[in-house]
Each structure stands twice: as structure tokens, then as C-alpha cells.
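Here is the structure we will look at, set down as C-alpha cells.
Protein chains: 2
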Amino acid sequence: MATIHDVAFDANVSPTTVSRYINNRIELPAATAARIDAAIAKLDYRPNLLARRLSTGRTEAIGLVTPEIREPFFAELASAVEDEADRHGYTIFMSSTRSDRQREIASLNRLHDRHVDGLIMMTNTPDDGTLAALIGKRRNVVLIDEDIPGVSVPRVFVENELGAHAATRHLIDAGHERIAYIGGPKGLYSVEQRRAGFLRAMKEAGLKVRKEHVAGGSFASDFARRATLDFLQTRTPPTAIFGSSDYIVIGVVQALKQAGVSVPSHMSVVGFDDMPLTELFNPPLTSIRQPIEALGRQGFQALFSLLSGEQPPMLTMLPVQLIERESVAPPRKEGFDG
Amino acid sequence: MATIHDVAFDANVSPTTVSRYINNRIELPAATAARIDAAIAKLDYRPNLLARRLSTGRTEAIGLVTPEIREPFFAELASAVEDEADRHGYTIFMSSTRSDRQREIASLNRLHDRHVDGLIMMTNTPDDGTLAALIGKRRNVVLIDEDIPGVSVPRVFVENELGAHAATRHLIDAGHERIAYIGGPKGLYSVEQRRAGFLRAMKEAGLKVRKEHVAGGSFASDFARRATLDFLQTRTPPTAIFGSSDYIVIGVVQALKQAGVSVPSHMSVVGFDDMPLTELFNPPLTSIRQPIEALGRQGFQALFSLLSGEQPPMLTMLPVQLIERESVAPPRKEGFDG
DNA sequence: CCGCTTTACGAAACCGCTTTACTAGACTGC
DNA sequence: GCAGTCTAGTAAAGCGGTTTCGTAAAGCGG
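Residue numbers (this note's numbering), protein chains in the order written: chain V, 1 to 338; chain W, 339 to 676.
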């Protein structure tokens, strides 16, 4: 491969000149510039990025830490980040942490070793302070989707509270009064926000929230399945369930199917995330759609600002949207029993 | 950050010695080794990978080119590759090509500039020779999932022909005789293999394949939707449809729903890929499951062999599996009409 | 105690680029 | 015609490792 020296030799200038010319740090007379251009073309010269990186200390690469890129939500997010990064000349290193603290730490360290210029971090396990401490030591970090308490870096979130409120409101508007709620892992900011949105909607409508109709602790379908079966065992089962993620709703629907309760005629269901393909489920799921694309792009843009020495907004909240499909119907009249 | 010189100074040896010691290229007396270890620990020394890479020319990174990492199939594959790479100390650069030739070429060039040690390539657009030419120039390339004619590099595929045969056979065993087929883009190896499997099963069973019951040209759901509606317009519509990807089957199912044809009582359907969540569809889809995890891992292993100077098998074919769910039933008796 | 091998390590070149500091020569104004 | 300014570059020192070649000193056999 041709080096900058070859180009310099061919164009009859010094490597310094070539370097500065390529990087727009010098204005050259047209004739000289033309000679350099010609030499570059002739030799098919491409700067050795390894050398450039060692020299400048910048890598034009960023790290993207996600819980699990196999999941559609994170895959889509990663894709958006990648696309936006690409458009700015950045490459991304991805890592999946499997929601495991050790893997999160390992990822962070590995990315540090790789000299990424910055970091976009997503987590969905509550932090005990370890992550916060580690991230506090890094420069150029942006948090998206989920908070890590105690770190003061730019954050890009979605309107979790408003989304949950809208979902609950949608069920209330359909006539439901006994609405159950299944949340995610304790201690997560987004989970608490969604819970708050649910409670606010119920309170505003003057509806009681029954202890036995609220569950939480995990996003896993299995967990939701069990919670749903428990709901059905209560004295007066709910007529609607709001699951704070589509994975939860998948568990809910499976449990209901198993118990012979049909959706939406006997039980209405709303989810959160609007996972792809859920419109093909039986029934197609009503859900809160998150602006995944925007989340990814704005996440990168915040990081890019940081890298450019600007100060991005410390908190961005992206709007969500209720997508109505067929998993919600008015409750059956009391007295009737399925 | 501490450099190798700092460590050398602290341990009272030369940088050369530290370097060789770290890289296991020298045996040192216990006392010296201990001094170096102590210095490394004390200074929290971590080798600067940028410098090491410039020096050695190796990056311990590989490129992974996929059509679209948002799609579950590729996301899962990418995840498997990443996991396996990680376990061997390699990082991966991903890029999504959106099945676009220009983006494929751009990715290949970008990865080259990034000095990746090797490349795992996936494509799902037929090549006109451009890709083959470009890849021919690179060392350490492995093809997975789909062939690019004219390049002689290790390839890891799945048993497309056998899978399609099994899917078709499954419909035949259920009693179907008029089976329609929807294939993917023309010119793709896997598509042709699947078509061959379908035709072989039909031939072995002594069944006619009607021209008007065979479509192909795209993996898109829209395409499949139209093809399905066309099938329904034929004089004697098929009683079963084999779609050579789950995306196709999604289109098929949508079209059938739209046309009021119920699955599986009026029309049986089998897909290929076994996408996640299709078991929650209405009805749950019977499909051919590809060993995605194995595809990813073996793909990386082949590349790793190449990088280690060994000669991996030039062609690996991974078995597939029929997953029976509820989209297949015996055909209704002739004469009855839905 | 001399020549040879082995042990233990080091000097310096190199990877290919960037960047700071500097200069030769042309021009400009007085 | 000479100081001062501009133009058009350049030399050389990094960046932080790896690697080739080499050597001083210790050990050893005869």
C-alpha cells in the first residue's frame, strides 16, 4: 500500500505538506494541489487509519453498549445509531451485555482499551453504584433509554410517564375500571416512570388501584405469565391489563390463551414498545410506540456535540404514541361470566 | 496513562523487555518478572492498542457485513458471531448494507481502511460480479448464509435444499397435492436451493407443479401478498403454500386474512427461517428453523482458522429442522368450498 | 584460565501519520 | 535597498508500541 511518503515523493513535496493538504490545514497553490491530487489518484493512496489514530489519539469510533442486540428494540436502536454515526464518519463498536453487570463492566473497559472517542450506554439492570462510578471516570458518555442515577451526562429518554398515562387512559376511556398493571425490574427509572403514569391516570379517573392487581420485578414473559394467572385467581379479576413492555404482554397473552380467556372480548391488553410484528399477533396488540429511530439518532447527536466540544442538552425527552390495534375492547357487563 | 516506558523505568528494565515479557516472547527470571508485574499493577498499565496495532499491523478486529441488522435473523446471527469473536479476543465492526450494492461496496472499503484482520460477509442481493471482484482482492474472507458465485473462500451455509424438501414433504404428508411456492430474489444460491428442494419433493411424490402456482422475485411481504392473491384467482387454487422465508409467509397470511381464507382450515402454510415470535402469530407458523447460532459461530471459527494460518473446510452445510406448529392441516375435501 | 555457550537483557529502527516550529525566498513600502 | 511581511512550504520530533540484531556477563568444559 502506498504511504504518505510515496505520495509526497511523487508530487515532489514533503509528507508534511501532503498531510496538511489532505486534512485541510493549509492552502496550496492550484498547481501544487493538483500534483498532490494526481499522485493520490495514481497511487490509489488511502491514509493508514491506524497511524493516524495513533498520532492524533482520536479513533472516529464510538462504543455502543446495549443489553442484547438480538432483541428487536435494541437492534433497531443500534441500527439508527449506526446510520447516524456513519453519516458523520464514525464507526461503532457494539457490545451486548446480556443485562449482566460483569459484562457491562467488561464492555466498558474493553471499549476504553479500544480508545473509542465516546460512548453511548444503555442498560436495563438497576445500578448499585458500580456503573455510575465507572462511567463517572469516562469522558464523552451519553445515556439513552434508561437512567443510571448519579452520573451527570447528557441523557436521551422517551416520555415513559406520558406513555403509560396514555395507555391507561385508553383503557379507562374504553370503560375499564379494574385495570391491572405489570411493571419491569425494580429500581429502573423508566419502570418507575411508567408506573407513575399508570397511577396518575387511575387517580385522575378516580379509580382504585388494587394491591393484588399490581405486579412487577421483571420484563420477562415468564414472569408476566405467572402474574397474569395470579390476577385471574383474585376475587374480582381485572378486566384489562397494562403491561409495561411488549415482552410482558406476550406473557400475558400466552397466559390468557392458556387459561381460555379471550382477548379482547374478556380481557383487554395494552403493551409498551410496539415491537415489530406484534400487529400480526392474535390479536394484534395495542401498544405505546417509542420513537426508536429518533432515540438512536439524537443519542448519537448528543455524543457528537460532546465530541465537538459543544454542550448538548442534558436531558431530552422524546414523545411516544399510542398505536391502537385490536387488543382493547369495552369490558363485558358485570354479572356475565365467560 | 502509563506507557510501556513508565513500566520499564519502574521495573528497571528496558521497554523491549517489558514488551517481550507481556507478549510471551521471552522467559525471564522470576525476580525480573515479578518486578515488571509489580510495575504494571502499580501504574495500572494497559498497552495502547492503537500503538500496538500500528506496530504489528494486526487489529484483532473483524468486519461483519449484513444486509440489515434490524431484522431478527441477522441480529441473532450478528450476536452469535460477536459472542464467538469476543471469546477469541476479537472485536467486530458491523455494517448494514440495506441490500444495496453501493453500500456493500462502501462497507467493504471502509472495513479495509479500518484494517480489519478479516471479514464475514453476508449478502442477499444477486451479484453481477462486482462483489466477487472486490472480495477476490481481500484476504481472510468468509461467506455465510449466502453464496457469491466466483469467489473461492470458505463458506458456511445451511441445508437449504433439504429444508425446502422437508417443508414440502410435510405438506404432502398432510395430504396436499396442489402446493404453491413463493421463492425469493432470482439468482440467489439459497433461493435456488430451496426451489430445488421443493421441486424434488413434488417430483418424488409424483405431483404436478403448476406454473401459475409458482412465484418468486423478492423476499418482501408485499410481493408475497400479491402473489398469494394471484394464486387465489387461479382456476383451481392451491390448498397449501410454501413460502421460502417467514417474511414471505407473513405476506401470505396477511393476504389470506384479507381474502377471508382461514389458515390452516382452508389453506396450509409453511415458512422458512422460524423467525422469533412467529409462534405467537395467528395461527402459530410451522416453519423450517435455521441453526442461526451455529451459522454465526462456525462462520467465525472458519475465519479464525484462516487468521491462524490454517485451512478451514471450504464448505460447511448446517442442518435445518422442521418446527411444527398450527399452520398446516389436511386439505378440505374437493367439492366443498369455503 | 581460556574459549565457547547460554542467559538476560538493551539500543535503535520502524510502523505511517500529525504537528510544531522554523525558513528560504518573493514581495511591499518607504 | 533594506526591514518587515507573506507565501509556500520543510525538518524533525513525536504517538507508543514491536522487533531485529547484538552484547555483556555468567557458567562451563577441558
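Beta carbons: idealized from backbone N, C-alpha and C, even for Gly.
Let's test the definition: count the other Cβ atoms within 10 Å of the Cβ of residue i and tell me whether it reaches 16, buried, or not, exposed.
{"i": "residue 636 (chain W)", "result": "buried"}
{"i": "residue 565 (chain W)", "result": "buried"}
{"i": "residue 336 (chain V)", "result": "Because residue 336 (chain V) carries a pLDDT of 45, less than 50, the predicted location of this residue cannot be relied on, and the following value inherits that uncertainty. Under this definition residue 336 (chain V) is an exposed residue."}
{"i": "residue 5 (chain V)", "result": "exposed"}
{"i": "residue 606 (chain W)", "result": "buried"}
{"i": "residue 379 (chain W)", "result": "exposed"}
{"i": "residue 31 (chain V)", "result": "exposed"}
{"i": "residue 315 (chain V)", "result": "exposed"}
{"i": "residue 362 (chain W)", "result": "exposed"}
{"i": "residue 365 (chain W)", "result": "exposed"}
{"i": "residue 222 (chain V)", "result": "exposed"}
{"i": "residue 331 (chain V)", "result": "buried"}
{"i": "residue 625 (chain W)", "result": "buried"}
{"i": "residue 133 (chain V)", "result": "exposed"}
{"i": "residue 338 (chain V)", "result": "Residue confidence for residue 338 (chain V) is low, a pLDDT of 41 falling below 50, so the modelled location carries little weight; the figure read from the coordinates is stated next. Label assigned to residue 338 (chain V): exposed."}
{"i": "residue 380 (chain V)", "result": "Residue coverage of chain V in this structure runs from 1 to 338, which leaves residue 380 (chain V) outside it and unanswerable."}
{"i": "residue 46 (chain V)", "result": "exposed"}
{"i": "residue 396 (chain W)", "result": "exposed"}
Give me the chain W residues within the contact set of residue i, using Cβ-Cβ distance strictly less than 8 Å, ordered along the chain.
{"i": "residue 91 (chain V)", "result": "431, 448 and 452"}
{"i": "residue 67 (chain V)", "result": "The contacting residues do not exist; residue 67 (chain V) stays about 11 Å from chain W at best."}
From what residue to what residue does the beta strand (DSSP E) around residue i run?
{"i": "residue 54 (chain V)", "result": "That residue, residue 54 (chain V), is in no beta strand (DSSP E); its alpha helix (DSSP H) goes 49 to 56."}
{"i": "residue 518 (chain W)", "result": "517 to 520"}
{"i": "residue 656 (chain W)", "result": "653 to 656"}
{"i": "residue 724 (chain W)", "result": "Residue 724 (chain W) falls outside the range modelled here, since chain W spans only 339 to 676, and no answer is possible."}
{"i": "residue 268 (chain V)", "result": "268 to 273"}
{"i": "residue 1 (chain V)", "result": "Careful: residue 1 (chain V) lies outside any beta strand (DSSP E) and carries neither H nor E."}
{"i": "residue 435 (chain W)", "result": "Per DSSP, residue 435 (chain W) belongs to no beta strand (DSSP E) and is neither H nor E."}
{"i": "residue 660 (chain W)", "result": "659 to 661"}
{"i": "residue 627 (chain W)", "result": "624 to 627"}
For a contact meaning CB atoms closer than 7 Å, what does residue i contact in chain V?
{"i": "residue 602 (chain W)", "result": "Ordered by position in chain V, no residue passes the 7 Å Cβ test against residue 602 (chain W), which lies about 14 Å from the chain."}
{"i": "residue 384 (chain W)", "result": "113"}
Using a Cβ cut-off of 9 Å, pull out every chain W residue sitting near residue i, in sequence order please.
{"i": "residue 281 (chain V)", "result": "615, 618, 619 and 620"}
{"i": "residue 40 (chain V)", "result": "Chain W residues near residue 40 (chain V): none, gap ~14 Å exceeds 9 Å."}
So residue i and residue j are in contact, right, with Cβ under 8 Å, and what is the actual spacing, rounded?
{"i": "residue 65 (chain V)", "j": "residue 170 (chain V)", "result": "With 8 Å as the limit, residue 65 (chain V) and residue 170 (chain V) do not qualify as a contact, their Cβ atoms being about 34 Å apart."}
{"i": "residue 532 (chain W)", "j": "residue 498 (chain W)", "result": "5 Å"}
{"i": "residue 69 (chain V)", "j": "residue 417 (chain W)", "result": "6 Å"}
{"i": "residue 496 (chain W)", "j": "residue 458 (chain W)", "result": "The Cβ separation is near 15 Å, so there is no contact."}
{"i": "residue 593 (chain W)", "j": "residue 567 (chain W)", "result": "5 Å"}
{"i": "residue 109 (chain V)", "j": "residue 67 (chain V)", "result": "Actually they are not in contact, since the Cβ atoms of residue 109 (chain V) and residue 67 (chain V) sit about 17 Å apart, beyond 8 Å."}
{"i": "residue 283 (chain V)", "j": "residue 326 (chain V)", "result": "4 Å"}
{"i": "residue 92 (chain V)", "j": "residue 61 (chain V)", "result": "7 Å"}
{"i": "residue 529 (chain W)", "j": "residue 535 (chain W)", "result": "Actually they are not in contact, since the Cβ atoms of residue 529 (chain W) and residue 535 (chain W) sit about 11 Å apart, beyond 8 Å."}
{"i": "residue 301 (chain V)", "j": "residue 84 (chain V)", "result": "7 Å"}
{"i": "residue 180 (chain V)", "j": "residue 241 (chain V)", "result": "5 Å"}
{"i": "residue 320 (chain V)", "j": "residue 163 (chain V)", "result": "4 Å"}
{"i": "residue 562 (chain W)", "j": "residue 589 (chain W)", "result": "3 Å"}
Please list, in chain order, the chain V residues whose beta carbon lies closer than 9 Å to that of residue i.
{"i": "residue 420 (chain W)", "result": "69, 94, 95 and 96"}
{"i": "residue 443 (chain W)", "result": "None at all; the shortest Cβ gap to chain V is about 14 Å."}
Check the Cβ of residue i against every Cβ in chain V and list those closer than 8 Å, keeping chain order.
{"i": "residue 457 (chain W)", "result": "Under the 8 Å cutoff, chain V gives no residues; its nearest Cβ is about 14 Å from residue 457 (chain W)."}
{"i": "residue 588 (chain W)", "result": "277 and 280"}
Over what stretch of residues does the alpha helix (DSSP H) that includes residue i continue unbroken?
{"i": "residue 649 (chain W)", "result": "Per DSSP, residue 649 (chain W) belongs to no alpha helix (DSSP H) and is neither H nor E."}
{"i": "residue 399 (chain W)", "result": "That residue, residue 399 (chain W), is in no alpha helix (DSSP H); its beta strand (DSSP E) goes 399 to 404."}
{"i": "residue 32 (chain V)", "result": "30 to 43"}
{"i": "residue 507 (chain W)", "result": "498 to 511"}
{"i": "residue 594 (chain W)", "result": "584 to 597"}
Residues of chain W with CB under 7 Å from residue i, in chain order?
{"i": "residue 78 (chain V)", "result": "407"}
{"i": "residue 75 (chain V)", "result": "407, 408 and 413"}
{"i": "residue 51 (chain V)", "result": "392"}
| Stretch-stretch touch, CB-based, cutoff 8 Å, three pairs: the segment 485 to 492 of chain W with the segment 542 to 550 of chain W | no
| Are the segment 292 to 312 of chain V and the segment 130 to 148 of chain V in contact at 8 Å, needing three or more beta carbon pairs? | yes
| query | Are the segment 99 to 116 of chain V and the segment 258 to 276 of chain V touching by the rule of at least three beta carbon pairs closer than 8 Å? | reply | no
| task | Evaluate the contact criterion for the segment 582 to 592 of chain W versus the segment 607 to 616 of chain W: three or more CB pairs, one atom per stretch, below 8 Å. | result | yes
| Can you find at least 3 beta carbon pairs, one from the segment 3 to 23 of chain V and one from the segment 32 to 51 of chain V, that sit closer than 8 Å? | yes
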